[in-house]
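Below you'll find the structure, written out as C-alpha cells, and then a few comments.
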Amino acid sequence: MFVSDRRQRALYWFLTWIVLALHLGRFFDFAAPSGLFVYQLALVGSYAFLFLLPVVFVAWLAGRAAGGPGQGAAARLAAVLAVVLAGAVQIALYGDHLVWRLYGFHLNGFVWNILTTPGGIAALGSSASTERDVALLAAGIFALQTLIFFAARALARGPLPAPRLVWVLPLFLAVTVGERLGYAVSHFYGYTPLLENAQRVPFYQPLTMRGVFEKQLGWERPQRLEVATARLEGALRYPQAKLRIEPPAKPLNVVWLVAESWRADTLDARVMPQMHALAGRAQHFTRHFSGGNGTRIGVFSQFYSLPANLWFPVLDARVGSPLIQTLRKQDYQMRLFTSARFTYPEFDKTVFVDVPREQMVEDAEGETWMRDRRNVERLIEFVDRRDPARPFMAFLFFESPHANYNFPPDSVIETGYLEDFSYADMELERDIGAIHKRYVNAVHHLDSQLGKLMAHLERRGLLDDTLVLITGDHGEEFMEKGRWGHNSTFVDEQLRVPLLLWVPGRAPQRVDARTSHADLLPTIMPLLGVANPPSDYAIGHSLFEPQPKRLLLAGDWDRLAFLGEDYKLVLPFSSGSFTAMQVSGADDRALANESAVMRAQLPTIQGEMGRLRRFLGH
Numbered sequence: 001m002f003v004s005d006r007r008q009r010a011l012y013w014f015l016t017w018i019v020l021a022l023h024l025g026r027f028f029d030f031a032a033p034s035g036l037f038v039y040q041l042a043l044v045g046s047y048a049f050l051f052l053l054p055v056v057f058v059a060w061l062a063g064r065a066a067g068g069p070g071q072g073a074a075a076r077l078a079a080v081l082a083v084v085l086a087g088a089v090q091i092a093l094y095g096d097h098l099v100w101r102l103y104g105f106h107l108n109g110f111v112w113n114i115l116t117t118p119g120g121i122a123a124l125g126s127s128a129s130t131e132r133d134v135a136l137l138a139a140g141i142f143a144l145q146t147l148i149f150f151a152a153r154a155l156a157r158g159p160l161p162a163p164r165l166v167w168v169l170p171l172f173l174a175v176t177v178g179e180r181l182g183y184a185v186s187h188f189y190g191y192t193p194l195l196e197n198a199q200r201v202p203f204y205q206p207l208t209m210r211g212v213f214e215k216q217l218g219w220e221r222p223q224r225l226e227v228a229t230a231r232l233e234g235a236l237r238y239p240q241a242k243l244r245i246e247p248p249a250k251p252l253n254v255v256w257l258v259a260e261s262w263r264a265d266t267l268d269a270r271v272m273p274q275m276h277a278l279a280g281r282a283q284h285f286t287r288h289f290s291g292g293n294g295t296r297i298g299v300f301s302q303f304y305s306l307p308a309n310l311w312f313p314v315l316d317a318r319v320g321s322p323l324i325q326t327l328r329k330q331d332y333q334m335r336l337f338t339s340a341r342f343t344y345p346e347f348d349k350t351v352f353v354d355v356p357r358e359q360m361v362e363d364a365e366g367e368t369w370m371r372d373r374r375n376v377e378r379l380i381e382f383v384d385r386r387d388p389a390r391p392f393m394a395f396l397f398f399e400s401p402h403a404n405y406n407f408p409p410d411s412v413i414e415t416g417y418l419e420d421f422s423y424a425d426m427e428l429e430r431d432i433g434a435i436h437k438r439y440v441n442a443v444h445h446l447d448s449q450l451g452k453l454m455a456h457l458e459r460r461g462l463l464d465d466t467l468v469l470i471t472g473d474h475g476e477e478f479m480e481k482g483r484w485g486h487n488s489t490f491v492d493e494q495l496r497v498p499l500l501l502w503v504p505g506r507a508p509q510r511v512d513a514r515t516s517h518a519d520l521l522p523t524i525m526p527l528l529g530v531a532n533p534p535s536d537y538a539i540g541h542s543l544f545e546p547q548p549k550r551l552l553l554a555g556d557w558d559r560l561a562f563l564g565e566d567y568k569l570v571l572p573f574s575s576g577s578f579t580a581m582q583v584s585g586a587d588d589r590a591l592a593n594e595s596a597v598m599r600a601q602l603p604t605i606q607g608e609m610g611r612l613r614r615f616l617g618h
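1 is the number of the first residue of the sequence shown in full-length UniProt numbering; add one for each residue after it.
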C-alpha cells in the first residue's frame with residue numbers, strides 16, 4: 001500500500017513534482033539568454049518543490065494520525081489525500097495561469113475579494129459553458145493525478161531508482177539559495193529582465209540584501225532612484241471642509257448613466273448612432289480618462305474625485321459620496337438601478353452608503369442585456385411617477401458590455417462573433433477577433449437603451465431642467481497592447497471612455513483636451529449649489545475650464561498610475577523602489593530612456609503625492 005511502500009511514495013511525489021514544474025513552466029518564455037534560462041529553471045524547480053511540500057506533509061501527517069506506517073486505513077487515507085491535495089494545487093496553478101495570461105497578475109487580494117464578496121463571481125460574466133468546462137477540467141486534473149499514483153505503483157515494481165531525501169533536500173537548498181542570491185544581486189543592480197521573470201511565479205517572495213551589499217561588502221549601486229510609494233496612511237479627512245450648500249432657485253434633476261467596459265472609440269456613427277448624434281448636441285469630451293482600469297475605482301473616481309489609493313480608507317470609514325450627500329440634503333427623490341450588484345464592488349459601503357436600501361434596485365437575473373432593458377423601463381417608470389414638485393436623481397449601471405458581452409439578435413451588426421464564450425477553453429490569439437465582434441454588438445445594444453432614455457426625457461420636456469451624464473466605468477482592451485479585458489494595465493484601451501454631458505442652457509461643445517473622471521464633481525457640484533472650492537472634495541478641475549499639460553491619475557487594487565502628456569508612470573502602493581516602478585510613453589510604447597524619464601518626473605510625482613496626503617490626518 002501507499003504509506004508502507006517508501007519507494008512508491010518517493011516515485012509518486014517525484015512524478016508530481018515533474019508535472020508541477022511543467023505547469024509552472026507555462027508562465028515563462030524559455031527563449032531567453034542562457035543565464036536567464038538557468039534562472040528560469042531554478043525558479044520552476046524550486047517553487048514546484050515549495051508548492052508540493054505542504055501537500056507531502058499533510059498526507060504524511062494524516063497517515064500518522066490514522067495509525068502510522070503500515071497497511072490499512074492509514075495507507076488509504078494518505079493515498080486519497082495525496083491525490084486530492086496535489087490535484088487541488090494543480091487546479092490552483094491552472095487558474096492562476098489563466099488569470100496571468102488574461103490580466104497579467106496572479107491570484108491576489110483582488111481575486112480573493114471577487115471570490116468572497118457577494119456578487120463578485122457573478123461580476124465576472126461567466127457562462128454556463130464556462131462552468132461546464134471548469135468542471136470537466138477539474139475532473140481531468142484529478143484523473144491525471146490518479147494516473148500518476150498508479151504509474152508510481154507500476155514503476156515501483158521495476159528497477160527504476162527512486163529519489164532519496166538525503167540528496168533531494170541538499171539539491172533543493174542549493175538551487176533555492178542560488179535563486180535567492182540571484183534575485184538579491186539583480187535587485188541591487190536593477191537588472192530588470194531577471195526581476196521580471198521572478199514575478200511570473202505565483203506567490204513569489206523576493207529577497208533583497210541592499211544593506212549587506214552596501215554596508216558589509218562595500219558594493220555601490222550604479223543607479224540610485226528611490227521614490228515615495230503610492231501608499232497613503234492615516235485617518236480619512238474627506239471632505240476637507242463641511243459642504244456649504246446654497247440651493248439653486250431652480251434645482252436641476254440629475255440622470256447619471258454608466259456603462260460597463262465602454263471604451264471611447266466605439267462612440268461612432270456606425271456602432272452608436274444615437275449617442276453619436278447626441279454628442280453633436282451636448283458637451284462631448286473626446287480624450288476622457290477613467291480614474292481606474294476596473295469598475296471599483298472607475299466608479300469611485302466619478303463620485304469622489306479621489307485617486308485609487310484612497311479607496312480603502314473611504315471603505316473603512318464608510319464615507320459616502322459628497323454628491324449623494326448634497327442631493328439628500330436638498331430632498332432629491334432618488335432611485336439607483338444596477339444590472340449587477342451594489343455589493344460588488346462594495347458601493348453599498350462607499351458611494352451609496354447613505355442611500356436607503358429601498359431606493360436601490362438590483363437586477364442580476366438572466367442575460368445582462370435583458371437586465372439592462374428592464375432597468376431602463378424601471379427608470380422611465382420612476383421618472384413618470386415621481387413627485388414633479390421635487391427634483392430627482394436617477395442612476396443606472398448598464399452591464400451588457402461586460403464580458404461575456406451579451407446582446408439580443410436585433411442588435412447584431414457584426415456577424416461571425418464567438419457564439420460559445422467559455423473562459424476555460426478559449427484561445428485568445430485565435431478567438432479575439434470574434435470576441436471583439438461580440439463586444440461591438442453589445443455596445444450597439446447599449447446605444448439603443450441610452451437612446452431610449454434620452455428620447456423619453458426629451459418627450460417629457462425634462463431636458464430643459466435635467467443634467468444628464470453618460471460615461472463608462474473604464475475601457476476594454478482586445479489584445480491591442482497584449483491583454484484582453486480590463487483590470488490589468490493602464491493602456492489607453494483600458495482607461496479611455498466616452499463622456500457626454502448634457503447641461504441645460506449650455507451650448508454644444510467638443511472638448512479635445514485631456515479630462516478625467518476626477519473632474520466630474522468639480523463640474524457638477526457647483527451646479528447643485530455647493531459653494532466650497534473644489535479642492536475641498538476633489539483632486540480634479542471643472543470640465544468647463546480645461547487644464548493643459550496636466551497630470552491625470554488612474555489606479556487599480558494596488559497601483560497608482562500618473563498620466564502625463566508624454567509619459568505614464570506606475571507605482572505600487574506598497575513599494576516604490578526602482579524595480580517596482582513602470583514607465584512608458586503616453587502612447588503606451590516602451591521608452592528607450594526609462595531611467596531618465598523616471599528621474600525627470602520624480603519631483604512632479606513627489607509633489608502630487610504630497611497633495612494627496614492632505615486627505616489623511618494622523
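Glycine residues also receive a C-beta, built at the ideal position from the N, C-alpha and C atoms.
Between the Cα of residue i and the Cα atoms of the options, which residue gives the shortest distance?
i, options, result
"residue 619", "Gly472, Ile470, Thr489 and Phe285", "The displayed coordinates of the chain run from 1 to 618. Any statement about residue 619 would go beyond what the structure contains."
"Arg9", "Pro163, Leu107 and Leu102", "Pro163"
"Glu381", "His456, Gly182 and Leu327", "His456"
"Gln283", "Ser339, Glu545 and Met209", "Glu545"
"Gly453", "Ile470, Val440, Tyr439 and Asn441", "Residue identity differs from the one stated: residue 453 is Leu in this sequence, not Gly. Answer by Cα proximity: Ile470."
"Arg614", "Pro239, Phe342 and Asp519", "Pro239"
"His445", "Leu560, Arg373 and Arg460", "Arg373"
"Ala346", "Leu327, Asn375 and Ile297", "The amino acid occupying residue 346 in the given sequence is Glu; Ala does not appear at that position. Of Leu327, Asn375 and Ile297, the residue nearest in Cα terms is Ile297."
"Thr146", "Ala592, Tyr191 and Leu15", "Leu15"
"Ser448", "Leu267, Asn309 and Ile524", "Leu267"
"Ala62", "Val177, Ala75 and Ser46", "Ala75"
"Gly218", "Asp348, Phe203, Phe188 and Leu207", "Phe188"
"Phe303", "Ile524, Ala241 and Leu181", "Ile524"
"Leu463", "Tyr183, Lys215 and Pro391", "Pro391"
"Trp256", "Gly472, Arg357, His276 and Arg231", "Gly472"
"Lys170", "Phe49, Tyr344 and Leu323", "It is worth fixing the name first, because residue 170 is Pro in this sequence and not Lys. When only C-alpha atoms are compared, the closest one is Phe49."
"Ala138", "Gly158, Ala86, Ala264 and Trp262", "Ala86"
"Val201", "Leu278, Asp556 and Asp96", "Asp96"
"residue 633", "Glu220, Ser186 and Lys215", "Limits of the chain in this structure are 1 at one end and 618 at the other, which puts residue 633 out of reach."
Using the rule of at least 16 other Cβ atoms within 10 Å of the residue's Cβ for burial, across every protein chain shown, is residue i buried or exposed?
i, result
"Trp167", "exposed"
"Lys437", "buried"
"Ala154", "exposed"
"Asp363", "buried"
"residue 620", "There is simply no residue 620 to check, as the chain begins at 1 and stops at 618 in what is shown."
"Asp519", "buried"
"Asn593", "exposed"
"Arg460", "exposed"
"Ala198", "buried"
"Val177", "exposed"
"Val89", "buried"
"Val212", "exposed"
"Leu43", "buried"
If you drop the 5 nearest sequence neighbours on each side, which residues of the same chain put their C-beta closer than 7 Å to that of residue i?
i, result
"Glu608", "Leu551 and Phe562"
"Glu246", "Gly529 and Ala531"
"Gly617", "Gly234, Ala235 and Arg237"
"Gly36", "In the sequence as displayed, the identity of residue 36 is Leu instead of Gly. Answer for Leu36: Pro193, Leu194 and Asn197, listed in chain order."
"Tyr191", "none"
Could you check how far apart the C-beta atoms of residue i and residue j are, in whole angstroms? I think they sit under 8 Å.
i, j, result
"Asp558", "Phe573", "5 Å"
"Gly485", "Ala586", "The pair is not a contact, with the Cβ atoms about 22 Å apart (cut-off 8 Å)."
"Asp5", "Ala156", "6 Å"
"Leu252", "Pro504", "7 Å"
"Thr326", "Leu243", "6 Å"
"Pro401", "Val468", "Between Val468 and Pro401 the Cβ distance is about 19 Å, and since that is not below 8 Å, they are no contact."
"Val58", "Leu81", "6 Å"
"Asn487", "Asn293", "6 Å"
What residues in its chain sit with their C-beta under 6 Å from that of residue i, if we drop five residues either side in the sequence?
i, result
"Asp425", "Asp133"
"Val83", "Gln145, Thr146 and Phe149"
"Pro603", "none"
"Met334", "Gln359 and Met393"
If you measure from the CB of residue i, is any heavy atom of the ligand GTP nearer than 7 Å?
i, result
"Val99", "The model depicted lacks the ligand GTP and carries no ligand whatsoever."
To which residues of the same chain is residue i closer than 8 Å at the C-beta, ignoring the five residues directly before and after it?
i, result
"Asn383", "Contrary to the premise, residue 383 reads as Val rather than Asn in this sequence. Cβ neighbours of Val383 beyond the five flanking positions: Phe392, Ala394, His456, Leu457, Arg460 and Leu462."
For this session: Report yes or no: do three or more beta-carbon pairs, one from the stretch 270-290 and one from the stretch 507-522, lie closer than 8 Å?
Result: With the cut-off at 8 Å, the stretch 270-290 and the stretch 507-522 touch.
For this session: Check whether the stretch 493-502 touches the stretch 304-322, taking contact to mean three or more Cβ pairs, one atom from each stretch, closer than 8 Å.
Result: Output reads no: the stretch 304-322 does not touch the stretch 493-502.
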